[in-house]
Each structure stands twice: as C-alpha cells, then as structure tokens.
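First up is the structure itself, then whatever we jot down about it.
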Amino acid sequence: MRWPPSDRGTPDPASHQVKPTSMSEEPWIWQCERVIPSRAEEGRRVQEEILHKLQQQNWLERDVFGVRLALEEALVNAIKHGNACDPSKQVRIACRLFRNRLRIEITDQGRGFDPAHVPDPTDPQRIACPCGRGIMLMRNFMSRVEFNELGNQVAMEKTRAGKTWAT
Amino acid sequence: MTAYRHLAINEVDDVAVVHFRNRRIVEDLNIQELGQELFQLVETDQRKKLVLNFSSVDFLSSAALGKLITLDKKVKAHSGALKLCCIRSEIFEVFKITKLDRLFDIRKDEADALAAF
C-alpha cells in the first residue's frame, strides 16, 4: 500500500516508512515520521519537535529560524491548500537529521499543483498581493527544495551553516 | 479607543506606536484577529500615522506579510503613513527576499521611524 492511503482508515504504519531511496544511507542522528490530521496546531507540534532536536544539536539560531519558516510554510501549504483543511485528510511528515544536514518530506492528500506555475510574488504587478510567498521563502531559507511530479509532496534539505564539529 | 488583545499601543504625539503581544506571528486563528485589530486602528480609530515596532517579534511567516500588505493598502486609502521598525535580521531577510523592503518604509529603530513622518 502506498501513502497516502486511499481510504479514511488509519494508515498502516509499515506502509509509509521512510524508504531508503528517498533518504540517503548516510548515518543519521535522529529521525521521526508523523501522520497528522489537517490542523495547524498538529503541524506546529511536529514543527516544535524537529526544531527542538536542531537546538539540542546546537544548530545556529539563524538556521533554526530558516527551518522553522520553511516548515511553517510547507505545513500551511499541505494543510490549507493541499488538504483544504479537510479533517478526514492527513499530512505525513518524515524527517531525518544528519550531523550537518536536515531532510524533511511533507506529503498531503490533495490533488497537488505545478510549482512551475506559481507566479513570482516579487513581480511588480504582484508585489501588493497578500498571498503566494511561501514557496519562495522555503527555497531561500532551505538549501534544497523539490516537489514530486504530482505536487503533493515537498522534500526540503538544510545544510547546517558554520563550523562542522569533530565530535 | 478600542481594546486590543494582540497589540499594545503607545501614543507618541499624533503617532500610534504599535507593539505586538505575540512573539510569533503565524497562520492560525489569532492572525485573523491580529489583522482585524490592525485594520481597526485605521478604519475605526482613524489613526493616520502608524509605527509597527517588531522588537518583541522573533518569528513571522508569509501569512503575517499578507496582513501587513493589506494594512498598508488601508493606511494609504486613508491618506495615512505606515512605518516598520526594530525588525530582527532574520525577519528583515524575509522582507528582502520577497522585495517587500521596497513596499514598506522600514526604519532601524523607533526614533528613526518617528522622525520619518
């Protein structure tokens, strides 16, 4: 069975384990996988869990800010735009923390979208538009941001800034 | 004068200096209320000169930018002026990346913002 599940039942945890093809075999420090209902506060709880791990690993405040922003934007996109706040739909968050790198995959159960067709929010014609800046911020604050073909999954990576520690 | 749940207002001459009570301004129920309170300042309280002091804000997302843009439009429609100040460097980067540093009049500190009217 593939995630997202096609029915409304609780997904089989074994069905959405992080696949080795999507997460590298590089040794990792910590990982988590959460499937949450489409509610902002649920997303924020997972967000805090991930950020807490970065802080424990002494990531710089600036990097933690960037990851918080990218997570916030990606989760709002998944919950609000992807799943249209439908409480029967879920969001899957898979995260793996390496020594100097963080990888996060966020998948919703929406119809997806084509990121290439998202207009440039800095276009002078659009600068006063109140929406449409989330993806641009994710791309700027993360080292790498990629969407799957359907557009219902985003994979983001952040490489830790500053010194790398020997221990 | 209207009571505000998410904002603290200081009067400096004819300028309303606004501080945020929330440390983080993100997409949730509160941001709708926060937006309404900012708009009330202009539409109900008829404030024409506003300074938004971000010294207590350590995080905001694009949802907050949307509210600020709408506020800016309302202030201009009422022939007023809006200044932003005391924005920490990471948040300023958010404004810079989205080129909103060109849309908003952003000043280093409150004294600079007040002097800019």
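These protein sequence lines are chains A and B, in that order.
Take 1499 as the starting number for the first sequence in this note's numbering and just add one per residue.
Take 5 as the starting number for the second sequence in this note's numbering and just add one per residue.
Where a beta carbon is used, it is the ideal one built from N, C-alpha and C, also for glycine.
(request) Would you identify the three-state DSSP class for B/I73, choosing helix, strand or coil? (result) Of the three classes helix, strand and coil, the one that applies to B/I73 here is helix, per DSSP.
(request) Identify which residue in B/A119, B/L33, B/V55 and B/R51 has its Cα closest to the Cα of B/I91. (result) It is B/V55.
(request) Determine whether the Cβ of B/L88 lies closer than 9 angstroms to any Cβ atom of chain A. (result) No, its Cβ sits nowhere closer than 9 angstroms to a Cβ of chain A.
(request) Starting from A/Q1529, follow the beta strand (DSSP E) in both directions and report where the run begins and ends. (result) Residue range W1526 to P1535 is occupied by the beta strand (DSSP E) that includes A/Q1529.
(message) For a test of the three-state rule: what should DSSP assign to A/T1519, helix, strand or coil?
(response) For A/T1519, the predicted structure reports a pLDDT of 46, less than 50, and the residue's modelled location is therefore unreliable. A value from the coordinates is still provided. Taken through DSSP and simplified to helix, strand or coil, A/T1519 comes out as coil.
(request) For A/C1627, write down the residues that DSSP places opposite it in a beta bridge. (result) In the DSSP output, where bridge partners are listed per residue, A/C1627 has none listed.
(message) If contacts are defined as beta-carbon pairs under 8 angstroms, then B/E94 and A/F1563 qualify, I think. What distance do you get, rounded to the angstrom?
(response) With 8 angstroms as the limit, B/E94 and A/F1563 qualify as a contact, their Cβ atoms being about 4 angstroms apart.
(request) Using a Cβ cut-off of 9 angstroms (strictly closer), state whether B/F43 contacts chain A. (result) Answer no: the Cβ-Cβ gap between B/F43 and chain A never drops below 9 angstroms.
(request) Answer yes or no: do A/P1628 and B/K78 have a C-beta to C-beta separation smaller than 9 angstroms? (result) Not a contact, by the Cβ cut-off of 9 angstroms.
(message) Strictly under 9 angstroms for the Cβ-Cβ distance: is A/L1600 near chain B by that measure?
(response) With 9 angstroms as the cut-off, A/L1600 does not count as an interface residue toward chain B.
(message) Taking 7 angstroms as the limit between beta carbons, can you name the residues of its chain near A/W1557, skipping five residues before and five after?
(response) So the list reads R1658, once near-sequence residues are dropped.
(message) Distance check for A/E1655 and A/T1519, CA to CA, integer angstroms please.
(response) With a pLDDT of 46 at A/T1519, under the threshold of 50, the modelled position of this residue cannot be trusted; read the value that follows with caution. Separation of A/T1519 and A/E1655 (C-alpha to C-alpha, rounded to the nearest whole angstrom) is 15 angstroms.
(message) Which runs of the alpha helix (DSSP H) at least 4 residues long sit entirely within the segment 1556–1612 of chain A? Give them in chain order.
(response) DSSP runs (the alpha helix (DSSP H)) wholly in the segment 1556–1612 of chain A: 1559–1574.
(request) Alpha carbon to alpha carbon, how far is B/K87 from B/L38? Give it in angstroms, no decimals. (result) So the two alpha carbons sit approximately 17 angstroms from each other.
(message) Spatial neighbours of B/D62 within its chain, please: C-beta separation below 6 angstroms, excluding the five flanking residues on both sides.
(response) Shown here for B/D62: same chain residues with a beta carbon closer than 6 angstroms to its own, the five before and five after excluded, namely R27 in chain order.
(request) Report yes or no: is there a C-beta of chain B within less than 9 angstroms of the C-beta of A/K1656? (result) Contact with chain B is absent for A/K1656, since none of that chain's Cβ atoms lies less than 9 angstroms from the residue's Cβ.
(request) Closer than 6 angstroms by C-beta to A/A1576: which residues in its own chain qualify, once you throw out the five before and the five after it? Chain order, please. (result) V1589, I1604 and D1606.
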